[in-house]
Each structure stands twice: as structure tokens, then as C-alpha cells.
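>
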Amino acid sequence: MTTVGWSDSFSRSRTTSWASWRQFDVALAAVTVAVAVFGAVLLYYSTRVQLQAQGLSPTFYAKKQAIYLVIGVVVMMAVAAVDYRRYRDWAPVLFILTVLSLVAVFVLGRSSNGAEAWFQIGSYQLEPSEFAKPTLIVALAAFVATFKGRLPGRALGAALVLSAIPLALIYKEPALGSALVLAVVLVAMLALGGARPLHLGILAVVAVIGVGAVLNLGVLQKFQQDRITSFLSTPNQPNAKFLASKAGSSRYNDAYSKQAVSDGGLRGKGLGHGLMTNLGEVPSQQTDFIFSAIAEQVGLVGSAVLLMLFLVMTWRTWQAAILSRDQMGTLVCVGVLALMAFQVFENVGMAMGIMPVAGITLPFVSYGGSAMVAAFAAIGLVLNVRMHRFN
Amino acid sequence: MNAQSPQASARVKLTVLAVVVACLFATLFARLWFLQVVNAPTAQAAVQTNGYKTIYTAAPRGEILSSDGVVLAGNRISQVITVDRQTAGADPAMKSRLAALLGMTVPQLTTAINNLQVSPYAPVPVITDASAQQILYVKEHQALFPGVSATEETIRDYSPQGVAAANIVGYTGQISQRQYKSLQAKGYQASDLIGEDGVEASFESVLRGRPGVERLAVDAKGDVLGVVSDTPPVSGDNVVLTVNAADQTAAVTSLEAGITAARRVTDVYVSHIRYRAPAGAVVIQNPNNGDLLALATDPDYNPNDFVGGISQAKYAGYTNPANYYPLTDRAIAGAYQPGSTYKLITATAGLQTGLITPQTIFDDVRGGLQVGNRFFANDQGAAYGPVDLSRAITVSDDAYFYNIGAQFYLQSKKYGPDGLQNVAKAYGLGSKTGINLPKEAAGLVPDAQVVKKEHQQYPKAYPNGTWYEGDAVQTAIGEEQDLVTPLQLDSAYATFANGGTVYTPQIASAVTTPAGKAVTTFAPRPVRQVVLTPADHAAMLAGFEGVTSNPKGTAYFDFQGLPIPVAGKTGTAQVSNNSLIGTSAYKQTTSVFASFAPAQAPQFAVDCFIEQAGYGANSAGPVVRSIYNQLFHQQPGQPVLANNGGHD
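Sequences listed follow chains A and B, in order.
213 is the number that this note's numbering gives to position 213 of the first sequence; each next residue is one higher, with no gaps.
642 is the number that this note's numbering gives to position 642 of the second sequence; each next residue is one higher, with no gaps.
1) Within 10 Å of its beta-carbon, does Val19(B) have 16 or more other beta-carbons around it, so buried, or fewer, so exposed?
2) Run through the DSSP bridge pairs and tell me what Lys569(B) is partnered with.
3) With a threshold of 8 Å between beta-carbons, can Leu300(A) be considered close to chain B, or not?
4) Label Ser491(B) either buried or exposed according to how many other C-beta atoms from any shown protein chain fall within 10 Å of its C-beta, with 16 as the threshold for buried.
5) Give the range of the alpha helix (DSSP H) segment to which Gln134(B) is assigned.
6) Pick helix, strand or coil for Glu153(B), following the three-state DSSP scheme.
7) Does the distance from the CB of Gln595(B) to the CB of Val624(B) come in under 8 Å?
8) In the DSSP assignment, find the beta strand (DSSP E) that holds Ala510(B) and state where it starts and stops.
9) Which residue's Cα is closest to the Cα of Gly546(B): Ala262(B), Gln312(B), Ser202(B), Asp388(B)?
10) Taking the C-alpha atoms as reference points, what is the distance between Gln36(B) and Ala164(A)?
11) Given that Phe345(A) touches chain B, what residues does it touch there, using C-beta distances under 8 Å?
12) What are the residues of the stretch 167 to 190 of chain B that lie near chain A, defined by any Cβ-Cβ distance shorter than 7 Å?
13) If you follow the beta strand (DSSP E) that Ser324(A) is in, where does it begin and where does it stop?
14) Taking Cβ to Cβ, would you say Gly364(A) is nearer than 8 Å to Thr32(A)?
15) Please go through the same chain and pick out, in chain order, the residues whose beta-carbon is closer than 6 Å to the beta-carbon of Gln421(B), but skip the five residues on each side of it.
16) Helix, strand or coil, according to DSSP, for Asn629(B) in the structure here?
17) When you compare each of Thr287(A), Arg386(A), Arg325(A) to Trp348(A) by their alpha carbons, which one comes out closest?
18) Using a beta-carbon distance cut-off of less than 9 Å, what residues from the stretch 62 to 85 of chain A approach chain B?
19) In whole angstroms, give me the CA-to-CA distance for Pro174(A) and Tyr56(B).
20) Quick check: the Cα distance between Ile294(A) and Lys139(B), rounded to an integer number of angstroms?
21) Starting from Gln449(B) and walking both ways along the alpha helix (DSSP H), at which residues does that stretch end?
22) Just the C-alpha distance for Leu429(B) and Thr495(B), rounded to the nearest angstrom, thanks.
23) In terms of alpha-carbon separation, which member of Phe408(B), Gln488(B), Ser254(B), Gln457(B) lies closest to Asp471(B)?
24) How do the stretch 313 to 331 of chain A and the stretch 265 to 282 of chain A stand: do at least 3 beta-carbon pairs fall below 8 Å, yes or no?
25) Looking at the unbroken beta strand (DSSP E) that takes in Leu126(A), where does it start and where does it end?
26) So is Val502(B) buried or exposed if we call it buried at 16+ other beta carbons inside 10 Å?
27) Taking the alpha-carbon positions, what's the Leu98(B) to Thr151(B) distance?
28) Within 8 Å (strictly less), CB to CB, does Val261(A) reach chain B?
29) When the distance is taken between beta carbons, is Gly353(A) closer than 8 Å to Asp254(A)?
30) At the level of alpha carbons, what is the spacing between Lys425(B) and Ser431(B)?
31) Among His199(A), Ile137(A), Val107(A), Leu200(A), which one has its Cα closest to the Cα of Leu331(A)?
32) Expressed to the nearest angstrom, what Euclidean distance is found between the alpha-carbon atoms of Leu300(A) and Glu130(A)?
33) Secondary structure at Thr231(B), three-state DSSP: helix, strand or coil?
34) Spatial neighbours of Glu440(B) within its chain, please: C-beta separation below 6 Å, excluding the five flanking residues on both sides.
35) Taking its Cβ as the centre, do 16 or more other Cβ atoms sit within 10 Å of Arg264(B), making it buried, or is it exposed?
36) Can you check which of these residues, Leu293(B), Val268(B), Ala201(B), Thr297(B), is closest to Tyr615(B) by C-alpha distance?
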């Protein structure tokens, strides 16, 4: 069987040609915007009552989220427009800027509440760890692609060491969830990038030992450790006894989250309805636990539609990976695929009590500008790869 | 090493990736289905109670009034100091200041604040009946006492007349765990008060009212988001008793005086020590409709001791056997042998069956009756010669009634095995009267079946399982296993007094709104008739009248000077076997008197039981006389004069 190697040559045209735009994956863009719009509408209905109870405008979150959505679509198109191979040349610069922004958070972001994860710009907060996701995908793809599908041990080591810097910074913020997501993305890309099975095996062993050590050596703060290990024993129906217990006080969020999902039932309580949602029983329901609020309002039918949209998004990304003309394109798509699939699985799984609570947002749906724009940028990368599969 | 091209190997890996991602999504769909289809019904039910917190405010309890308008159980305002838990939790300095002001230690105050029976969303009362100075200090120094408020609370209050009717009115107490479990569905809270005895218990649902319900929406942290609904409490309705406060007071004071007097009298016939007279009971009812006018029991208790929780020491005192169980209402729960007052039943049975007529003469030559090898003697062995029914009642000739009992036994083929017992039951003995008060006793009408059953169940205590002629003879004069409550006996005499109608005794005449509008009225409840021909009735009545009016009557001396004709009967129940005489286990005879007056047009049926107090005429008779004095407004201030003379 003869296979065609990934082409290494391409025309370095300054602008993307009109022919490329004909390869634009309308389905992927449409599904992405659909998820974001669905998310913004549900965000409004999920937070309206709570906001009113606090004397705030019921559109406080939804209005901002709509603005982020528009910015996100613009960013997505912009990212798609510039040929991704150009990013390869910028890869080292992107990487250094990312690391610098993460370092800067520790210096400039001191004033934010406890965790140093944000820059405050006016009333908006910029979260570099979110933007680090697409930039690190690009940088890693560019680096790994230079080895043309066979990643020697030294290259693998270099990739790991380089990735460890931003990962460690993000973990220190602390944004444990983002660090975890990036670790998964890293492994997926290395595996696809040609890392040898033996090396991957060693990596897996090291990871298992590392996780064990983290859980047992007190590296994690107690609340993080509790959240990771406790979800398995959380009852489906939190009763008063459980909530009064020591475990209950740290676990009522996932207990209530499960209950909120169940409360939705088959058809849901309807937009703007649902006791758990309207009473704010589940904390962080506009961000990390948005899925429980959605599931309560739209039920199995609506939740399944949302998951299907994510599945289509993943499928189109996977297709772009297959269709990519070069390895860098494939790796970018694989990175984005891993990013989206893992975040959806972890976030939705957490809301349904089958994954630990780890502070990971639902892409395009959870409230937050940085995550929204960064996620659109990531999809922009995928659109980009597909657009440029012929030239 | 596989020589696969990097691109081909990448395709394989991409396929693996697709499979992995598909599995992840499949897991999510499966979990979604489990939560939203399988788990949904239970979760949805739980959610309904989850987001709301409900605060209950107890409604002011309805009052209990006497028929003459006296408030027996009412409410009074108490000054209460409350603490908001959330504020107090964050302010230990305030707690020590408050403890000092209230004269408590900080741990005591903390315990009061942590009272689990108060909703976490409601302020906790830490002291009731706070002094004016304490209230003023808190109000003037609010800055020093954040979260502390002075409010008013209504608490139960029993008037002196209510205290005199403690056994009727009852008391309230904190709901018990068991009561709470069974009443939770009716909206009771763990902190609720509930009627524990008397009318407070039997009319609980009327008196309680509807608690105020405030529904608050709260979030997961417990912060209140808003008031969903607020239903104010609805006061309980009042219960108007048939009991007359004046009559009740007359009954209680006469009984107490009679018991005190009895304790000064020496039993010259049997035990030769003073009567112990530890306890007694009085019942007064209107024989024409069954309305209870008074129920007295002694010893008794003060229901105010239970308000706000009874102290350990007081409760121990009330339950100590040495104090003769003051919490027991002997008028309805005391089961006593009726002694000769039972002759009402025996006479009625004899007449109804035709075994005797008013003219039947029994020649009491020997002062008793020979049954087989045993001689059943009259009291003090007195022989009355030839007696008819009226005279037999008046002088309480046991032999006359022994004979009726013996004939029922011997001629059981003709009169049935329960000729006498059927009449006792028709008068309401042997079963609860159905008075609307808790803890009523049923008494006992013994017969062959009862004796057999007792023997089978407790062969040691009842070595004999056979009903002998001797049993029939003894029960005919209210001894042995005959057991009646003072209420049952009073109802039996009331039935005879009104010409034969058995009424269910009533304790309440109406339920009214707090404004006094009648909600329910209770009509007399006739149950059945005990039929006697006018001639039979007249003969018995003449006998009962003779008891108080004939110089040979057993209670003649008790009723001398009373212008109202009283029909009555003495009873002297032998409680202990004579072999115990001289030992501390010997119990002196129960003094019983049952009556109605005026004899020809009865307005009152009064009976009295006093334990270990001699002949019916010695202690119970004088008490009943004293009561009639007051009921008919005669000879005010006349003391109750117990005596040690006479016979029965």
C-alpha cells in the first residue's frame, strides 16, 4: 500500500485564497455557534431568578455572554483566515508569550480573589490559562510535526519539559482543571505525533505514580483532594444526614448537581423553571455546574441535543484531522478534539456525579469570556486546517 | 519493528481516538438516561422539599371554659428573649454578655441556643418570663446584643378553678418522639406542645388551631432568598365543658375535707387503727342528660407545673407510688369494688326477671345465707328477720341479696347463666362509658367466662377456674371481682334516677370560636333503657330514700337536717382478706356512697369513693352530704363530719 507522505511544501501566500474559503466547514462553524447560542439562552434562564433575588439585572450574565459570543465568532473567523502553517513559524513566539502571560498573572493578578488566575481589565477579567490552551496546541503541534511522525525519545523529552513549564504555572494559579485538560491534550498529541509505545507506556506509569503521589503526599490542598476522591460515594439523593456530615459539607455541590439533573426528568421543568436552578441549590451553576441547570430545565431531550451538538463538533474536528494535508494540521485537530472531548466529558460527567469535581468549564456554555473566546479560537484552528487541506 | 508509514500509523491512532471519544459520549448518554429516567421520580419528590424551608408558628391554644363561664385553661403573655443563631454564632462576646444578663453560664446559654427543636431559621427563645429589667436592658443596648430580641409569647395558664379541675382539664407537654412520628403528617413539629391528658388531650385537634406557616425559599448555603408564602396562625377553638366550676370546687373541697376527716377516725371494728384514707373520688352528673358537673380526684396535681416543662423533681413526686399517683384520675380510671351500692343492680335484675317482686319477703333469721358448707354472714352478723325489697335496701340486708345471687346461680337454666351480669352491663358496668377523656377504665363484671379466662391466663393468681355459687352470692353484693369506676357507678344511679335511660356521660357541651360563636354543640347521647315497672321502680326508690330518711337506714345520720330528700346507698367494700388484719398489707374497707337528689325529681347524681375509710356512711356519706349542702345552697360552712359508727 502506497501512502502519500504529508506534504511539507506550501505556497506562502499572504492571504487565504477564495478557493480555500470554499473548503470552509460550515457545519462545524454552525454547530459551534449553535452550542454557544444554546448556552447563552440557557445561561439567561438559569441565572435570572438568582440575579433578581440579589437585586441585579436578570440579564447580568447573559448580556456579557452574548458579547463574548460575538467576540468569539470574530476571533474564530480571524484564526481561520490566517493559514495555520504561518502559525508554525510563530510557534516559539506564541509559546514564550503564553508562558510570559502565565507568569504575569502571578505578578499583576495578585488582587484577584485568592487564586491568581486573572488579569483585571476594567470590569472584565482575562484568564491567560484559557488562552494557553489553543496556543500550546499550536506550539506543540508545530514542534512535534518537525519530527515527521516518528518522535524520538529526546524529542519527546523536550516536548514534555517545554510543556511542563506552562502546566506547572497553571497548576500553581491554582487552576487544577485547566492543567489537567492540558495534560490530556498533551498525551493525545504526543501519541498521535509518533511517540513510541514504550515511551508512552513509561509516561503512563509515571502518570499513575504521580497521581498516586499527589493524592497521598499532601501536594494537593485538602479541598482539591476531597473533591477528587469523594465523588464516588456521594448519594444520588442528598438527605439532611448526609449534608450535615463532614463529607456532605464539601460534597453538597455534586450531590445537589445530580439531584438537579434528575429533577429535569425526560422533558425538563421548562425554561426558567426548576427549583434547584432557581433556588441556586447548585453552586457555580453559571460556570462549572451550568450543565445541571440546563439538564433540569430541558430534561433528557434537551440535554441529549446539547451532547449531540458536541458530538457533531467532535466528529467534524476528527474529520479535519483525517483530511489534513500535513501532520501539523492533524496534530492541531487532535489537540482541539482532545481539548473539547475531555472538557465535555469531565464537566458533564462531574455534573452527573461520575467524574470528580475539578473546576473544568463546559466549552461555549459556561459563563466566562476568556474560555468562550479561547474555545472559539480553537475551533477556528480546526476550520483553518480543513480550509487549507488543498493549498 | 513495524515498517508502517507514520501517516498510516496515525490513521490507526485516529481510529482509536474516535473509538475512545465515542465511548466517552456513550458513557455520558447512559448516565444521563439513568439520572433523568431511572432516578428522576425519587429525585423530583426530594427536590420539592429541598429548596423550601418552612417555619411554623404555633397558634394560640383554645381556652377550656367551665359551663358557668370560668376560664379553666387559658393563655397568658410571657416576655421571651430570643437569639438569632446565625448572628450569635459569629459573636462570642455577645454570648458572654447575654449570659451574664440572664444569670446563666455561657455553656448553659449555648445549650439553649443550640436547641434542635427550634427551626434553624427561627430565632431561639433562650429565656421565658424574662424580667422587665432584662427586657429593657436588651432593648436599650441593642448594639451590644446583635441578633437578640425581646418578644412576647403566649403560654398556657391554668386558673385556680382550672387547677381544681386538673384531672378534667389535663395538661400540655412537649410532643414526644413517638407522638411526633405519628402526628408529623398532620403538620406537627418536633417543638410543638400537645395535650397530654384530660380535655387538653381529648380535644387536642380543636384546641390546637392551625399553626402559621411561612415558606421561605433558601439556597444551598441556607441563605433566605425570599418569602414564598405566609399563612398566619389561626387560634384554636374553645371548649366549653359541662363541668360547673362551682360544683367542681364543691366536689374537690368536700372530698379533701372528707379525706382529712376520715384520717382522724379510728376503725373500731376491724383494724383498730386510724383510717388511712389515702385517696378518693367524687362524680357529680345531671341524671337527666348525662352532663358531668364535677369529677374530683384526690390526690391531684397542679397543671401549671407542666407549663414550660415540668422539673425532674416535681415529676418524680407525681409518679412516686408513695404519693398515691396524683396524675391518675380515680373518678374515671379508678376501678373499685362497689360493695352494697351494687344492690341497685341485683335488685333490678331480680325484679326484671321476676325472681322477686317488691313484695317478696326473705326471712333473714340467721343474719346471712348458708351456701353449701359455707355461711355468708351479714355485716356484724345482724339478722333482720322478714324483709321486703325496700327494707332490704334501706338496712342493706346482705342475706336478701345473697339469696338473689344464689337463685340466679341455681336457676341458671331459667334465667340464663348471666342473669345478673346482663343487668350490670345494661347499666353500663364492665365497659367504658365512652366519656371523652383519656385513660378511662372499663371495670369488670365477673362471670363464669371471666373466671375461666383468668385462670387460663394466670393460673397462679387465679387457682380456681370454676364459677361457684359462692361467687354468684358474693358478686350480688358488689364484692370479690366486681369492679366499677366512680363514673360508672354514678351513671348507673343516674340511670335509675331518670327512669331508666343510660346516657353516655358528656364532658363538653360545645366548641366555640375564640369570639364565642358555637362551632359544635354536643347533644345528650342516650344509649339504651333499663326498664322497670313503675311499681318496681317505686319500691326500689323507697328503699334508697329510706337509706337517708329512715332511722334504720345505713346513712340516716349523715343526712339528718338536709331538707332535700336524697335517695342513696352505702357501700363498704372489703378489699383485703381478713387473714391479713393486723399486718401492714391489710387494706381497710373502701367507703362508697352513691345517690341522687331530690329523690322524686332528681337534678344531681352524686357518688363518692374513699379508699381505706370504713363504712360507706363513715366517710363517703358525709362527703356527699357536704356536696348536697352546696349544690342546694344549704347550711353553708358546715364541716364534713366523718364518723366511725353504723353498719352496712
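All C-beta atoms in this analysis are idealised placements derived from N, C-alpha and C, irrespective of residue type, glycine included.
Looking at the coordinates:
1) exposed
2) Ala594(B)
3) yes
4) buried
5) 132 to 140
6) strand
7) Strictly speaking, residue 595(B) in this sequence is Ser, with Gln absent from that position. The answer is yes: Cβ separation under 8 Å.
8) 508 to 512
9) Asp388(B)
10) 40 Å
11) Leu24, Phe25, Thr27, Leu28
12) none
13) Run containing Ser324(A): none; DSSP gives neither H nor E here.
14) The residue asked about is misnamed: residue 364(A) is Phe in this sequence, not Gly. Taking 8 Å as the Cβ cut-off, Phe364(A) and Thr32(A) qualify as a contacting pair.
15) Val445, Asp447
16) helix
17) For clarity, residue 348(A) is Val in the given sequence; the question names Trp instead. Per the Cα distances, Thr287(A).
18) none
19) 45 Å
20) 49 Å
21) 448 to 457
22) 12 Å
23) Phe408(B)
24) no
25) 124 to 126
26) buried
27) 16 Å
28) yes
29) yes
30) 8 Å
31) Ile137(A)
32) 30 Å
33) strand
34) Ile332, Lys432
35) exposed
36) Val268(B)
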